[in-house]
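In mature numbering (1 follows the signal peptide of the UniProt record, and there is no 0), the protein residues as written are -21 to -1, 1 to 271.
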């Protein structure tokens, strides 16, 4: 069903793009991950520690020109995330969900944790002839189960940024993609981010109980200026609870009539890592035959 909705969104985007000159596929990039793992509940902290038991994301992630999705599901719980280019608002539309199995007991006697993350960047160029103050409003509705709200650390994070197009590349390589999210989440933990693009406006909020986060960012654009909008949300939960941010992060400009698309630099293109891996394997085999 989710794949059908994504297909409809992509088709609708193509139709609206032709009618309204909306940003095209090259101006959008998204990625996601998901994970479930064992963790040890710490009564004195009211939280779950994954130290020593954390494993790399075990979910399955797929990227395409106008979106990305990831899902993980096993006896520990479930986590999934989705990003698509919203043709109606010219902005990314993001969703996440995570739930921990209340009946699961790990081999060490602990419980489980589930985590879903999704982020997207969209590029724009301002075509006006005079300075213009652009306002971006982002709204995230989250439902957190009552038992999840009793544990520290369970949350949904909303982070939104307006930033420059110089010194930025959206990287799909899991080993080095931190640079993709740093302009969005970096102000939360700047020690993990190096020099990056200019930051024009930023907002982040952790929702630790059912509620709504609303962000309003403003920046004055100069004629011909290019910029990126980046958004990130996650859902993280342990100990039999659930965090539901699938009610959607929605974003809206005060006026998009003078914005056109600006490409997002990608390294590599979605799916490129598999092609690169196949090429390396074939090259290795060819060299082996030459030596023989």
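Ideal Cβ positions, reconstructed from N, Cα and C, are used throughout, including at glycine.
On the CB-based measure, 16 or more other CB atoms within 10 Å of its CB, does residue i come out buried or exposed?
i           : result
residue 170 : exposed
residue 140 : buried
residue 174 : exposed
residue 123 : buried
residue 236 : exposed
residue 84  : exposed
residue 193 : exposed
residue 254 : With a pLDDT of only 37 at residue 254, under 50, the local geometry of the prediction cannot be trusted, and the value read off the model is given with reservation. Looking at its Cβ environment, which holds fewer than 16 other Cβ atoms inside 10 Å, residue 254 is exposed.
residue 145 : exposed
residue 66  : buried
residue 234 : exposed
residue 214 : buried
residue 201 : exposed
residue 11  : buried
residue 110 : exposed
residue 64  : buried
residue 138 : buried
Determine, for residue i, whether the minimum Cβ-Cβ distance to residues of chain C falls below 7 Å.
i           : result
residue 143 : Looking at the structure shown, chain C is missing, and only one protein chain is on hand.
Got a sec, what are the start and stop residues for the alpha helix (DSSP H) residue i sits in?
i           : result
residue 164 : 157 to 164
Under 8 Å Cβ to Cβ from residue i, same chain only, skipping five residues before and after it: list those, please.
i           : result
residue 148 : 158, 159, 244, 245, 246
residue 198 : 112, 113, 141, 179, 180, 206
residue 176 : 142, 143, 144, 145, 146, 147, 162, 207
I'd like the list of long-range same chain contacts for residue i, defined as Cβ closer than 6 Å, with 5 residues on each side in sequence excluded.
i           : result
residue 166 : 181
residue 116 : 195, 231
residue 150 : 156, 158, 159, 246
residue 47  : 9, 10, 11, 62
residue 228 : 73, 119, 212
residue 172 : 161, 165
residue 41  : 48
residue -15 : Reliability fails at residue -15, whose pLDDT of 37 lies under 50, so the model's placement of it is uncertain and no value is given.
Please check the pair residue i and residue j, which I expect to be a contact at CB under 8 Å, by giving their CB distance rounded to whole angstroms.
i           : j           : result
residue 104 : residue 203 : 7 Å
residue 93  : residue 39  : Incorrect: roughly 15 Å between the Cβ atoms, too far for contact.
residue 127 : residue 71  : With a Cβ gap of about 26 Å, residue 127 and residue 71 do not count as contacting.
residue 121 : residue 224 : 5 Å
residue 221 : residue 60  : Between residue 60 and residue 221 the Cβ distance is about 14 Å, and since that is not below 8 Å, they are no contact.
residue 95  : residue 58  : 4 Å
residue 108 : residue 191 : Contact doesn't hold; Cβ gap of about 37 Å is too wide.
residue 212 : residue 135 : 6 Å
residue 88  : residue 18  : That pair is no contact at about 11 Å.
residue 187 : residue 133 : 7 Å
residue 13  : residue 36  : 6 Å
residue 242 : residue 102 : 6 Å
residue 80  : residue 68  : Rounded, the Cβ-Cβ distance is 36 Å, inconsistent with contact.
For the beta strand (DSSP E) that contains residue i, what are its first and last residues?
i           : result
residue 67  : Note, residue 67: premise wrong, no beta strand (DSSP E); not H, not E.
residue 46  : 46 to 53
residue 42  : 39 to 43
residue 180 : 178 to 186
residue 243 : It is not in any beta strand (DSSP E) - residue 243 carries neither H nor E in the DSSP assignment.
Counting only the same chain and skipping the five closest in sequence on each side, list residues whose C-beta sits under 7 Å from that of residue i.
i           : result
residue 189 : 121, 122, 123
Scan the segment 190 to 235 and note each continuous beta strand (DSSP E) run of 3 residues or more that stays entirely inside, going in chain order. Those beta strand (DSSP E) runs which fall completely within the segment 190 to 235 and span 3+ residues are 190 to 200, 205 to 217, 221 to 232.
Runs of beta strand (DSSP E) wholly within the segment 81 to 154 (minimum 3 residues, chain order): Segments of the beta strand (DSSP E) lying fully in the segment 81 to 154: 90 to 105, 111 to 123, 134 to 142.
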